[in-house]
Every structure is written in structure tokens, then in C-alpha cells.
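Numbering (my numbering), first residue to last: 2 to 280. C-beta: ideal position from N, C-alpha, C; glycine also. Accompanying notes for the structure given below.
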Amino acid sequence: MASAITSNGFIAVNDRQIYYEEEGQASSQTIFFVHGLGGTLNTFQPLITSLRNFRLVRFDLSGHGRSSVPSQKATIETYVEDCKAVISHLKARNPVIVGHSMGCLVAMHLAASEPNLASALVLFGPAKGLPEAAKSANRNRAVAVRQKGMAAAADAIASAALAPQTLASRPEIVGYVRELLSRQDKEGYAMGCEALAAATDPNWSKIRANRIVIVSGEEDKVSAPATCRAIKESLGNRNVELVSWSGVGHWHTLEKASEAGFPTVTTCASRFFVQFSWP
């Protein structure tokens, strides 16, 4: 049984409205979720039942899902501001931060900007600063969706980002990813593409989470296993663990939901129920 939503609504952040949902046990460890480019808070829906004994906070990044599109361009810092606003509004204490894809890059920038904030990080298919070819591809995708809309992009991304096994035998996941993408506001998605193209790596040395788990899909072509290994090396932290999942592409929380929530996130959340130290 899924946990019941205890609060939801919109938070004003400068020129935009950020939608959030809170559920689970208010007195327990907070788990704070950050979805990726083209996702929404529902990227993490398959994990919710296994995590219902924790306090769960999800939201839609600017320009995604139910959150409004910024009046100016979006950047990774824009998304970090979204995170800080939701955390402050809900008084989330030293959350375990769970990211997916670009959301991992946002989470790492957040953790670097507020070193005492995150108790742990769980990073599914993390992104980092892109090579020039990938930057160009994201800028071109922004142009394409502004001209043609999200439909064609949704099909292409779903096909490229899921593991061959998923494409062949899990049509419900293919449909779910396509639905997430095709319902995005084209301008919000295009801004996200440009934000990712302009993104830089976080200040690795300022990320002080007590534990960091990186989850790599062996079939992931977006955040390839080599990228995950490079991020682990950049973090240079003895508390960093790299987990590799066979038969999984880039949508880890959908393709292997049975392990994404429990034990991967649960283990981190159970270990770090600590006193709030972030203003």
C-alpha cells in the first residue's frame, strides 16, 4: 500500500511556482528526491511503497511537471534554488538526497553549496559536466523540441535510454517513460536541455555526505558505467560505493524498482537520522 500524501502545494521561488508533495512518517528520516531532465516527481513513484516508513519529499523541477516555466533561462543553479526552497519550506532535516540523471548533478551541486545539509546521497545514473559533443546534442535537442514539440523526442529518448531487455519485455515501462516525456512543457524541457549543456562539475571537495551510493546501469547509454566510475573517482571519498546493475538502462527506478527503494535507499536512510544543522 502506498503512503498517503500529508501535504502538497506550490512554493513561490522568484519568478516561478514549484510543486511539491510530502508523505510518509513525519517524525522519521527525510528522503528528498530530485528527478532528472524530462522527469517529474513520479520518476520515483515505484519506490514509495518500500519507503513509506520514512518522510518522503518530492517535487517537480522548474519547467517540469506541474511546476511553472521560468521567465528567464534555467540553469543548474535554478534547480538548486528549487531544492533549497522546498527543503526550507518543509524544514527537512539533513535529508538523504536521492537523485536521478541530471537530478544527481543538481543534488551534488546542492550538497557542495551546503556541505552540512545532506546526510547521504543516492545517485541513480548521475550526470556530470558534458563533453562538447554531448553539449551540442543537448542544444540541438532544445531547438528541435521548440520547433516540433515533445512527441518525437519522447519516442527517441525512451528508445535510447531503456535497456534492450526493457524495450523487449516491459511495455508498461516504455509507456510510462514516454508519458513522462510527452507531457512535458516543450519550453521547460528545452530550458533543461540548455541547462545541462551549460552545466559544470560540482566542487567535489565540498561534498561531505557521510555516505554516497552511485547506481550504474550496465546498459545505460546516457550515464555510462565509465561516467559513474569517473564520478566516484572525482569524489575521492572512502564512503563512496559504486553499485552496478545488469540489464538496466538509464531509468533505474523504473527498470529495477524492487531494488531501488529497498535496500538501496532504505539502507542509507536508516543509518542517518541525525540532528538538523542547516539553517
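R179 and E195 have their alpha carbons spaced roughly 21 Å apart. Counting the other Cβ atoms within 10 Å of the Cβ of R59 gives 16 or more, which makes it buried. Bounds of any alpha helix (DSSP H) do not take in A13; it lies within the beta strand (DSSP E) bounded by I6 to V14. T201 and L52 do not touch by the CB rule: their CB atoms are close to 31 Å apart, not below 8 Å. The criterion of a C-beta distance shorter than 9 Å is not satisfied by Y20 and S72.
T31 is bridged by DSSP to R56.
Contact between V241 and I215 is confirmed by a C-beta separation of about 7 Å, below the 8 Å threshold. Within the model, the alpha-carbon separation for T31 versus A93 is close to 6 Å. DSSP, reduced to helix, strand and coil, places R239 outside both helices and strands of the structure shown, so it counts as coil. In the displayed model, L118 falls within coil according to three-state DSSP, outside both helix and strand.
H251: not part of any alpha helix (DSSP H); DSSP gives it neither H nor E. One Cα belongs to N211, the other to E115, and the distance between them is close to 14 Å. Minimum Cα-Cα distance from S247 among the listed residues V146, K149 and E220 corresponds to E220. By the Cβ criterion, the region 79 to 97 is not in contact with the region 163 to 173, since fewer than three pairs of Cβ atoms, one from each stretch, lie closer than 8 Å. In this structure G39 is in contact with L182, their Cβ atoms being roughly 5 Å apart against a cut-off of 8 Å. For the region 163 to 218, the full-length beta strand (DSSP E) segments reaching 3 residues or more read 212 to 218 along the chain.
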